[in-house]
Amino acid sequence: MPELTNHQRSILKAMLEQLEEELKDLLSITEAGTKPVKLKDNQGRLSRMDELHNQSILIANRTVTSNRLKAVLQAKQRLELDSYGFCASCEEPIAFKRLEAYPEASMCIKCQSENE
Numbered sequence: 271m272p273e274l275t276n277h278q279r280s281i282l283k284a285m286l287e288q289l290e291e292e293l294k295d296l297l298s299i300t301e302a303g304t305k306p307v308k309l310k311d312n313q314g315r316l317s318r319m320d321e322l323h324n325q326s327i328l329i330a331n332r333t334v335t336s337n338r339l340k341a342v343l344q345a346k347q348r349l350e351l352d353s354y355g356f357c358a359s360c361e362e363p364i365a366f367k368r369l370e371a372y373p374e375a376s377m378c379i380k381c382q383s384e385n386e
């Protein structure tokens, strides 16, 4: 499998930068929803339970988003160090199609499948 061309690297760099901004925006937008739920006297028990449930879902989503942002930042760092596009496990080039679909990928499909 061939290494990435300069054109492919620039496409993927732009994708990573856009993804970073989108993830940061999403974290910023959802930040208010993670504050502790205030108990209101006039609110029913089920309504409070719904609020707590919704908050736990939001917190879980923020965790996933935060982890993905970390992966994107690591991918950008690998791009600067010229190690981007190579599998962290087998050190073979990662297919451009995979990186287009998942630009923060650090492993090729084969190694990722074996790792899961």
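Residue numbering for the sequence shown follows my numbering, starting at 271 and increasing by one per position.
Where is the CB? At the ideal position from N, CA and C, for every residue including glycine.
Among LEU282, ASN324 and THR275, whose alpha-carbon lies nearest the alpha-carbon of LEU369? LEU282
Could you check if GLU374 is buried or exposed, using at least 16 other CB atoms within 10 Å of its CB as the buried criterion? GLU374 counts as buried, since at least 16 other C-beta atoms from the protein chains shown sit within 10 angstroms of its C-beta.
Since THR300 and LEU339 should fall inside the 8 Å C-beta cutoff, what is the C-beta to C-beta distance between them, to a whole number of angstroms? With a Cβ gap of about 12 Å, THR300 and LEU339 do not count as contacting.
Inter-residue spacing [alpha-carbon to alpha-carbon] between GLN347 and ASP320: 41 Å
Which term fits VAL334, buried or exposed, when burial requires 16 or more other beta carbons within 10 angstroms of its beta carbon? exposed
In whole angstroms, give me the CA-to-CA distance for GLU350 and LEU322. The alpha-carbon of GLU350 is positioned some 42 Å away from that of LEU322.
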